[in-house]
Structures are given as C-alpha cells and as structure tokens.
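Asks: Got a structure for you, written out below as structure tokens; questions coming shortly.
2 protein chains.
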Amino acid sequence: MSPTTDRNLEFDAFSDAVIVAMETALAAARQGVRGANPLVGAVIIDADGTVLAIGRHLGAGTPHAEADAINSLRGTRRDLSAATMVVTLEPCDHQGRTAPCSQAIIDAGIGNVVYAVDDPHAQAAGGADRLRLEGINVRSGLMDTEALDMNRQWFAAVKAGRPFVTARLAQTVDSRIAAADGTSQWITSPESRQDSHTLRGRVDAIVVGTGTVMADNPRLTARGPDGSESAHQPLRVVMGLREVAADAAVRHRQDPGFLQLHTHDPAVVVRELHSRGVGHLMIEGGSKISAAFLAAGLVDELIVYLAPTLLGSGIPALNDLGIGTLAQAQQWEWDATTTGPVERLGPDLKLTLMPAKAPATTNAEGH
Amino acid sequence: MSPTTDRNLEFDAFSDAVIVAMETALAAARQGVRGANPLVGAVIIDADGTVLAIGRHLGAGTPHAEADAINSLRGTRRDLSAATMVVTLEPCDHQGRTAPCSQAIIDAGIGNVVYAVDDPHAQAAGGADRLRLEGINVRSGLMDTEALDMNRQWFAAVKAGRPFVTARLAQTVDSRIAAADGTSQWITSPESRQDSHTLRGRVDAIVVGTGTVMADNPRLTARGPDGSESAHQPLRVVMGLREVAADAAVRHRQDPGFLQLHTHDPAVVVRELHSRGVGHLMIEGGSKISAAFLAAGLVDELIVYLAPTLLGSGIPALNDLGIGTLAQAQQWEWDATTTGPVERLGPDLKLTLMPAKAPATTNAEGH
Numbered sequence: 065m066s067p068t069t070d071r072n073l074e075f076d077a078f079s080d081a082v083i084v085a086m087e088t089a090l091a092a093a094r095q096g097v098r099g100a101n102p103l104v105g106a107v108i109i110d111a112d113g114t115v116l117a118i119g120r121h122l123g124a125g126t127p128h129a130e131a132d133a134i135n136s137l138r139g140t141r142r143d144l145s146a147a148t149m150v151v152t153l154e155p156c157d158h159q160g161r162t163a164p165c166s167q168a169i170i171d172a173g174i175g176n177v178v179y180a181v182d183d184p185h186a187q188a189a190g191g192a193d194r195l196r197l198e199g200i201n202v203r204s205g206l207m208d209t210e211a212l213d214m215n216r217q218w219f220a221a222v223k224a225g226r227p228f229v230t231a232r233l234a235q236t237v238d239s240r241i242a243a244a245d246g247t248s249q250w251i252t253s254p255e256s257r258q259d260s261h262t263l264r265g266r267v268d269a270i271v272v273g274t275g276t277v278m279a280d281n282p283r284l285t286a287r288g289p290d291g292s293e294s295a296h297q298p299l300r301v302v303m304g305l306r307e308v309a310a311d312a313a314v315r316h317r318q319d320p321g322f323l324q325l326h327t328h329d330p331a332v333v334v335r336e337l338h339s340r341g342v343g344h345l346m347i348e349g350g351s352k353i354s355a356a357f358l359a360a361g362l363v364d365e366l367i368v369y370l371a372p373t374l375l376g377s378g379i380p381a382l383n384d385l386g387i388g389t390l391a392q393a394q395q396w397e398w399d400a401t402t403t404g405p406v407e408r409l410g411p412d413l414k415l416t417l418m419p420a421k422a423p424a425t426t427n428a429e430g431h
Numbered sequence: 065m066s067p068t069t070d071r072n073l074e075f076d077a078f079s080d081a082v083i084v085a086m087e088t089a090l091a092a093a094r095q096g097v098r099g100a101n102p103l104v105g106a107v108i109i110d111a112d113g114t115v116l117a118i119g120r121h122l123g124a125g126t127p128h129a130e131a132d133a134i135n136s137l138r139g140t141r142r143d144l145s146a147a148t149m150v151v152t153l154e155p156c157d158h159q160g161r162t163a164p165c166s167q168a169i170i171d172a173g174i175g176n177v178v179y180a181v182d183d184p185h186a187q188a189a190g191g192a193d194r195l196r197l198e199g200i201n202v203r204s205g206l207m208d209t210e211a212l213d214m215n216r217q218w219f220a221a222v223k224a225g226r227p228f229v230t231a232r233l234a235q236t237v238d239s240r241i242a243a244a245d246g247t248s249q250w251i252t253s254p255e256s257r258q259d260s261h262t263l264r265g266r267v268d269a270i271v272v273g274t275g276t277v278m279a280d281n282p283r284l285t286a287r288g289p290d291g292s293e294s295a296h297q298p299l300r301v302v303m304g305l306r307e308v309a310a311d312a313a314v315r316h317r318q319d320p321g322f323l324q325l326h327t328h329d330p331a332v333v334v335r336e337l338h339s340r341g342v343g344h345l346m347i348e349g350g351s352k353i354s355a356a357f358l359a360a361g362l363v364d365e366l367i368v369y370l371a372p373t374l375l376g377s378g379i380p381a382l383n384d385l386g387i388g389t390l391a392q393a394q395q396w397e398w399d400a401t402t403t404g405p406v407e408r409l410g411p412d413l414k415l416t417l418m419p420a421k422a423p424a425t426t427n428a429e430g431h
C-alpha cells in the first residue's frame, strides 16, 4: 500500500521502532517544566527497537534530556554504535550551565540520532552538524509538528529574542486579589504560596509593580517551607516610575541584585532583562502589571492559584486588557503538560494555561 | 482489647461486614447528583457479609438507593431474611414520585436494616418505625457523621424549610460574564451550555433577574443538543420589580408556567417557591441576583463554568457580597462528590463547590 498523505510520507522515512520511541520521547518531554529551556524528551533504542533509556529535561540547570537518558546507562559499558538516540529537539552544541549534548552523544558512542525539530537558538544550534562531522547518522523532522506545538510559546520567545514569561495570579473564584479594604494576605493557602516559592526558585527574574512594593513590601525571594532562602534566587525587578524606598524589603539582598526599571512598558522590561541574560521571567502583579504583559501578548504561561473563596468586591486580578467586546477575548487553553492543567494545592486549585493555538485576536502576539 | 474512644464504641455495635458495607454505601452515594433529594447509597449484604447489591440515588424522579439495590436483585428469588440492607439515610415511608422504600424493603423480605442517619424530612420520615412494625431488625447511627457531612447543605435546607439551591456561574478565568460592551453570548463552550441544559432538566425551578431577561431574552427551557425541549422542564422564575414584557421569550411556554416575583429579596423567593413545592432551585444570574443569594447564605452548591479566556474588563460574575475585608471572605470547598470538583467540558472547566464546613463568617447561614 503506497502512502497517500504527507503524514504517511513523513512516517515512512522512519522505522516503527523510531516512531514509537519519538512518541515516548514526546510523552517524557511533557513531564518537564516550562521555562528558559523547552520541554524535551529523549529515548535511546537498540538496533532491534528495545528501549534502553528514557530521559527528560526538568528545567534550567538540570541535565538536558539526552544527558539524562545517557546518564541512566552509565556503568553498563554497552556498545551503542547500532543504537539510536531519539529526541524531540536538535541536540545542543552549547556549553551552558550543562555540557553540550552533542559531546555527550559522541562520548557515549551512539551511532544514530533522530530528532523532531531544529534548535532555533543561535547559541545552541549546530548540534546536528557537529554530530554528522563525527560520522553519526542524523535525521530529523519526525513529529516536528507535535514537538513544535508543545513548545510553541518557547519557540516564539526565542524567535522574538526575549525571555519566556510566566504570569502568576493568586485569586478567589471571583478573581479578586484583595478585598475592598485592600487586605490581601493571604488569598491563597500555604501550599499555594510554597508552590509560588518553588517557581521563584526556578526563574531568573521576578517582576512586580511599584504599587505591589508599596502595598505589600515583599522580599521577592524564593523560600522554603521553613522560611529559609532557597539556593537559587531570582533577580528582583520592580517596574514603575515611583522610586522604591531605600528601606524596602526588596532591596535587602545583594546577590542577585535588585533592579528598578523606570517604565510602564512590558516590551522595555523584557528587552532589558533579555540583555541581562534572563531566560525565564515571572510576573507577580499587581493587576496593572499583569494586565500590561497580557495585553502586550507577552505572557507564555499563565498560572492561576484559585482559592475556594468569594469576595464579591475588591481588587480584580486583572484590569483593562484593551478588550471592548467578547469576540476580542483573549483565548487560552489549559496546559496539559507538566503538572497537568489542574493541580490540587491544599484547599486551592492551581490552573495552568497557555495561549491558544488558533488566534482569536490579531492585536497580540501569541493570541 | 477494650474500646477506648467513642468512635470505637460506635463501631463495636456493628459487624465488620456491616461497617465495610456502609463505607461502600457512602462511596455509592457520592456518585449521585445533588438536588431536591440527598445523596444516598445502599448496599445489601448476605449473612456472611457477601455483597449482593449496590444501589445509589441519581436524582429526583429516579429510584431511591434502596430500590435501586433491590431492583438489581430482581429475578434472583433469593431468601433475604438473613440479609442486611445498609443505607446512608433512613429509608423513606413516603409515596412521592417513587414508591416508599420501606415498602420495597418489606416486599423484598429483607430481615435487617442498618442506616446512618435519620431522615429529617417530616413527610418522608417514619420509615424505621414502619420497618420495625413489620418485624425487621433496624439499627442506626453507623457513620452518621460522614452521612450528615456529605449532605450537610441538604439537611440545612430541609431544616430551614426551603429548596436546595444551586447557583451557576459561566465566566472567564478573570470572572467576567460579559465584555465591556455587554456582549455575553457565548462566554462558555457548547459543551458547558449543554451541561447547563442538563442541570435545567433536573431542577424544579430556575431564577434569573429582570436585567438578564431584558439583556438576553432567554427562554430558560431545558433543551437537548439538537435544540429540542427536554421531557422535564423547570418553572421559569424572574425576580425583580420591572415588569417582564408580554412578548418575552420566558413567557412563551405554558407548562410549567412562568412566574414573576416582584422582589429583590432571595428569602422571599425561596419561601414562595418552597410553598409551590420547589425542591431544587437553580440561580442563573445575573451578577446582582447571584450575589444576593450568595450574600444571604442561600446557596448550597456553586457551579462555575470556567472558560479559558480573559477579558480584563466588563461585567464581573459577582458584585457586592457585603464583604469589606479579606477575613470576611466567603469560605467554600471543592465538592469531591458526584462529578468531582473539576470536570472538563470541551475547552472549559466545570468547578463544583459547596460551602466550607468551618464557618469563617457569622453573618451568613452555611458560611
């Protein structure tokens, strides 16, 4: 039977074992966390299709998926010259916080590599060429649609030369972040707040507005359940024109520093932070700051901590997005990757969304 | 070893088989739907503890749990004189839309009955006495705390002599029910709207405000996916002082009728509808009506259809609940019974909440 669609043509170029391995690699990728790096999964199969190892990337600073898979074979002294590394993204050729995956594949003696989609990042790309130079058989394009789609916001951010941006809201069911009198500590549960600290420990920078600094005087550090500061701390960024007070808590820590950006423009903030090497940025509010990033189409991931409470009045989580009529509503979708779209955190729900694939409005990137 | 707690004393009065059966009955009860009738489960066990049948009640108009269990044994011609019916609520002795459960148990020849908690409803109670008069061995109180808690809002409604009240919100993630220009059709997906129609087909009455009638001109009928009207239709109630227009769609259907209540007071509405035999009432909005029932503590179940969209402005799902500060926030909890607290409906999430057990405010019944 001859193939009748492009899809079949694509698949015909690869063995069933490689196709199954790529499906497994995509599933492994989805177990990761979003951020400065994309979700990536890797599977090593033997010549007869036996799965030897499965790896996934669990976020910036942890091993890449290829290394994770290779590490799990450490000590087996197996000849991998007939084996295939099947990976959802082109192996990097870049010495960053971790060693280049191209070198790890070469060192492991793996003879074949199949990857889904090219690395768009100028700094990290070139892995395939490097592998070919070493005589490794390299092919690509298998399930590239799925691999691109899974990380479409990350690809868009890389292409735009800006950080991956997570926005975090902590709200009641009726989307209030403070009561009528301004009281806001605490809308959500200790479990949700600890999860926020875990996120802080994963991002490169946090942005809040001057209003939040004046209202709450936050430290903006990543802290453990016992209040102790986590090993990795994000850059603490305040945006807005009012000068942050000399004794503000956000200034208290030296490394990494505190930064005030005297602007209301999210585009200026992402540009400035990108130039400082920020790969993952988290927006923590308040309403105006969150809305400004959302209205500008500069949010790649939206995390909503939803407390099972009602206020009926007070400060809404978002204010004006520049939307006048329902047809212009921003379209999102529940993010089924990583922890799933809904997670229970004590009494709260954690909802994770990503911009919907099909644009419903034309005035915002990613929407 | 002698029992050292009340809990142990309670359990010592019942065999292990009966205790396990009650746990099973409670789990079966949780598969039902909330409404005019409570969640009830029933398990029939043999003398040696073998489970013969499991029944649950699936909502007003469907068989009670006891009958459901007995029905599943139909045709087996088994001698049940040594068997035990284990049920989470006292069997009813009332001819309503279904026959009395007491009679069904007598007719089945079941020799023993254990139930968790007395039926609080004057009309339906008396089942235990009736069974005893027929020589059946009846005991009660096993896991009554769990059985009461599962239906605590239903018990409260019966005690207060009012319908069980469900409030339904269909909103964006930022809790808007219409855009800035008033456009509101449709915030949620066809799947969510069909689920709303299923709910309408289950309740005795729907309440909206005059504002909703004027803005949307809804029919307020229960309809199937093809638009055809469902067999059971709720009473359509409009509350508010402005007269509903003679040609309003809500008036179009005769049976059951349309009713306007010239009041803004939810207490008047529930009193009036209770006197008309309404056992389950659904509040469909708008913001003022939903908020009025919530502020009065007259909502037993809150269903939120959450569309993965953002508006940033427009009409909030709720307005003033009379709450000034965060400590007064209404405390709810996700309702893990029935469909679970979170259900996926097409692109939307359906969240189901019930008032939290521990009161956080003192000014509203059930909160």
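These protein sequences, in sequence, are chains A and B.
Numbers 65 to 431, taken from the numbering used here, label the letters of the first sequence in order.
Numbers 65 to 431, taken from the numbering used here, label the letters of the second sequence in order.
For every residue, glycine included, the Cβ atom is placed at its ideal position computed from N, Cα and C.
#1: So, helix, strand or coil for His121 of chain A, using DSSP?
#2: Please classify Ala180 of chain A as buried or exposed, where buried requires at least 16 other C-beta atoms within 10 Å of its C-beta.
#3: Please compile the residues from chain B whose C-beta is within a distance smaller than 9 Å of the C-beta of Ala243 of chain A.
#4: If you check the beta carbons only, do Ala269 of chain B and Leu362 of chain B fall under 7 Å apart?
#5: List the endpoints of the continuous alpha helix (DSSP H) containing Pro102 of chain A.
#6: Which residue comes first and which comes last in the beta strand (DSSP E) that contains Pro419 of chain B?
#7: 7 Å is my cut-off, CB to CB: does Leu417 of chain B come that close to chain A?
#8: Go to Ser204 of chain A, then tell me how far its beta strand (DSSP E) extends in each direction, as first and last residue.
#9: I need the DSSP call for Thr209 of chain A, collapsed to helix, strand or coil.
#10: Rounding to the nearest angstrom, what Cα-Cα distance links Thr209 of chain B and Gln297 of chain B in this structure?
#11: So with Cβ pairs under 7 Å, would you call Glu348 of chain A a contact of chain B?
#12: Within a Cβ cutoff of 7 Å, which residues of the same chain sit near Arg203 of chain B, ignoring the five residues on either side of it in sequence?
#13: Thinking just about the alpha-carbon of each residue, which of B:Val222, B:Ala400, B:Gly291, B:Ser136 is nearest to the one in Ile109 of chain B?
#14: Quick check on the burial criterion: 16 or more other C-beta atoms within 10 angstroms. Buried or exposed for Ser377 of chain B?
#15: Considering Phe322 of chain A, what are the terminal residues of the beta strand (DSSP E) in which it resides?
#16: Would you check if there are 3 or more beta carbon pairs closer than 8 Å linking the stretch 96-108 of chain B to the stretch 116-128 of chain B?
#17: Need the endpoints of the beta strand (DSSP E) that Arg408 of chain B sits in, please.
#18: If you pair each beta-carbon of the stretch 378-390 of chain B with each one of the stretch 236-250 of chain A, do three or more pairs fall below 8 Å?
#19: Where Gly139 of chain A and Ala172 of chain A are concerned, what is the direct C-alpha to C-alpha distance, given to the nearest angstrom?
#20: Please report the Cβ distance between Pro366 of chain A and Ala231 of chain A, rounded to the nearest whole angstrom; I am assuming they are in contact, meaning their Cβ atoms lie under 8 Å.
#21: Look up Asn383 of chain B in the DSSP assignment and say whether it is helix, strand or coil.
#22: Pull out every residue of the stretch 371-386 of chain A whose Cβ sits closer than 9 Å to any Cβ of chain B, in chain order.
#23: Can you list, in chain order, the stretches of the beta strand (DSSP E) that have 3 or more residues and sit fully within the stretch 327-403 of chain A?
#24: Pro164 of chain A: buried (16+ other C-beta within 10 angstroms of its C-beta) or exposed?
#25: For the putative contact between Val271 of chain A and Val333 of chain A, defined by C-beta atoms under 8 Å, what is the C-beta separation to the nearest angstrom?
#26: Exposed or buried, Ser351 of chain B, counting other C-beta atoms within 10 Å across all chains shown (16 or more means buried)?
#27: For Trp218 of chain B, go through chain A and note every residue whose CB falls closer than 8 Å to its CB, in chain order.
#28: What distance in whole Å lies between the Cβ atoms of Pro184 of chain B and His338 of chain B, which are believed to be in contact at a cut-off of 8 Å?
#29: Check whether the Cβ atoms of Gln217 of chain B and Met418 of chain B sit closer than 7 Å, and answer yes or no.
#30: Would DSSP call Arg300 of chain B helix, strand or coil?
#31: Nearest by alpha-carbon distance to Thr373 of chain A: which of A:Ala131, A:Val84, A:Ala234, A:Gly386 is it?
#32: At 7 Å on the CB atoms, spell out the chain B contacts of Pro411 of chain A, in chain order.
#33: Name, please, each residue of chain B whose Cβ falls closer than 7 Å to the Cβ of Ala211 of chain A.
#34: With DSSP run on the structure shown, which of helix, strand or coil describes Gly96 of chain B?
#35: Mind listing the chain A neighbours of Val229 of chain B? Cutoff is C-beta to C-beta under 9 Å, in chain order.
#36: Go through its chain and collect everything with a Cβ distance to Leu385 of chain A's Cβ below 7 Å, but skip five positions before and after it.
Replies: Let me lay it out:
#1: Within the first sequence, the letter at position 57 stands for residue 121 of chain A. Coil at His121 of chain A, not helix or strand.
#2: As a first step, residue 180 of chain A is located in the first sequence; it is residue number 116 there, counting from the start. Answer is buried; the Cβ neighbour count reaches 16.
#3: Taking the first sequence and counting its residues from 1, one reaches residue 243 of chain A at position 179. Chain B residues near Ala243 of chain A: Ile387, Gly388, Thr389, Leu390, Ala391, Gln392, Ala393.
#4: Counting from 1 along the second sequence, the entry for residue 269 of chain B is found at position 205. Counting from 1 along the second sequence, the entry for residue 362 of chain B is found at position 298. A distance of 7 Å or more separates the beta carbons of Ala269 of chain B and Leu362 of chain B.
#5: As a position in the first sequence, residue 102 of chain A is number 38, starting the count at 1. Note, Pro102 of chain A: premise wrong, no alpha helix (DSSP H); not H, not E.
#6: Translated into the one-based positions of the second sequence, residue 419 of chain B becomes position 355. 412-419 is the extent of the beta strand (DSSP E) around Pro419 of chain B.
#7: Looking up residue 417 of chain B in the second sequence gives position 353. Answer yes: the Cβ-Cβ gap between Leu417 of chain B and chain A drops below 7 Å somewhere.
#8: Residue numbering aside, residue 204 of chain A sits at position 140 when the first sequence is read from its first letter. DSSP places Ser204 of chain A inside the beta strand (DSSP E), whose first and last residues are 201-204.
#9: For this step, residue 209 of chain A is matched to residue 145 along the first sequence. It is helical.
#10: On the second sequence, residue 209 of chain B is found 145 positions in, with the first residue counted as 1. On the second sequence, residue 297 of chain B is found 233 positions in, with the first residue counted as 1. Answer to the nearest angstrom: the Cα atoms are 35 Å apart.
#11: Residue mapping note: residue 348 of chain A aligns to position 284 of the first sequence, counting from 1. So, not an interface residue.
#12: Within the second sequence, residue 203 of chain B is the residue found at index 139, counting from 1. Same-chain partners within the cutoff: Val178.
#13: By 1-based counting over the second sequence, the position of residue 109 of chain B is 45. For Ile109 of chain B, the nearest C-alpha among the options comes from B:Ser136.
#14: To locate residue 377 of chain B, count along the second sequence from 1; it is residue 313. It counts as buried.
#15: As a position in the first sequence, residue 322 of chain A is number 258, starting the count at 1. Note, Phe322 of chain A: beta strand (DSSP E), 322-325.
#16: Put simply, the stretch 96-108 of chain B touches the stretch 116-128 of chain B. At least three CB pairs are less than 8 Å apart.
#17: Along the second sequence, read from residue 1 onward, the residue named residue 408 of chain B stands at position 344. Segment 406-409, the beta strand (DSSP E) holding Arg408 of chain B.
#18: yes
#19: Counted from its first residue, the first sequence places residue 139 of chain A at position 75. Counted from its first residue, the first sequence places residue 172 of chain A at position 108. Cα to Cα, the separation comes out at about 11 Å.
#20: Counted from its first residue, the first sequence places residue 366 of chain A at position 302. Counted from its first residue, the first sequence places residue 231 of chain A at position 167. For the sequence presented, residue 366 of chain A should be read as Leu rather than Pro. Right, their Cβ atoms sit about 5 Å apart.
#21: Position 319 of the second sequence, counted from the start, is the residue given in the question as residue 383 of chain B. Looking at Asn383 of chain B - three-state DSSP - the assignment turns out to be coil, as it is neither helix nor strand.
#22: Ala371, Pro372, Thr373, Leu374, Leu375, Gly376, Ser377, Gly378, Pro380, Ala381, Leu382, Asn383, Asp384, Leu385, Gly386
#23: DSSP runs (the beta strand (DSSP E)) wholly in the stretch 327-403 of chain A: 344-347, 365-371, 394-398.
#24: Taking the first residue of the first sequence as position 1, residue 164 of chain A is located at position 100. Answer is buried; the Cβ neighbour count reaches 16.
#25: Here residue 271 of chain A refers to the residue found at position 207 when the first sequence is read from its first residue. Here residue 333 of chain A refers to the residue found at position 269 when the first sequence is read from its first residue. Sure, about 6 Å apart at Cβ, within 8 Å.
#26: By 1-based counting over the second sequence, the position of residue 351 of chain B is 287. Counting Cβ neighbours within 10 Å, Ser351 of chain B comes out buried, since at least 16 surround it.
#27: By 1-based counting over the second sequence, the position of residue 218 of chain B is 154. Here the premise fails: no neighbours, minimum Cβ distance about 19 Å.
#28: As a working note, residue 338 of chain B is residue 274 in the second sequence. As a working note, residue 184 of chain B is residue 120 in the second sequence. Incorrect: roughly 15 Å between the Cβ atoms, too far for contact.
#29: As a working note, residue 217 of chain B is residue 153 in the second sequence. As a working note, residue 418 of chain B is residue 354 in the second sequence. A contact, by the Cβ cut-off of 7 Å.
#30: Counting from 1 along the second sequence, the entry for residue 300 of chain B is found at position 236. In this structure, Arg300 of chain B counts as strand in the three-state DSSP scheme.
#31: For the purposes of this step, residue 373 of chain A is identified with residue 309 of the first sequence, where counting begins at 1. Cα-wise, what sits closest to Thr373 of chain A is A:Ala234.
#32: Counting from one through the first sequence, the residue named residue 411 of chain A turns up at place 347. The answer, in chain order, is Glu397.
#33: The count along the first sequence starts at 1 and reaches residue 211 of chain A at position 147. Residues of chain B passing the Cβ test: none, with the nearest at roughly 23 Å.
#34: Position 32 of the second sequence, counted from the start, is the residue given in the question as residue 96 of chain B. Coil, per DSSP.
#35: Position 165 of the second sequence, counted from the first residue, corresponds to residue 229 of chain B. Near Val229 of chain B there are no residues of chain A at all, since even the closest Cβ is about 15 Å away, more than 9 Å.
#36: Within the first sequence, the letter at position 321 stands for residue 385 of chain A. Excluding residues within five positions, the ones whose Cβ falls inside 7 Å are Ala355, Leu358, Ala359, Gln394.
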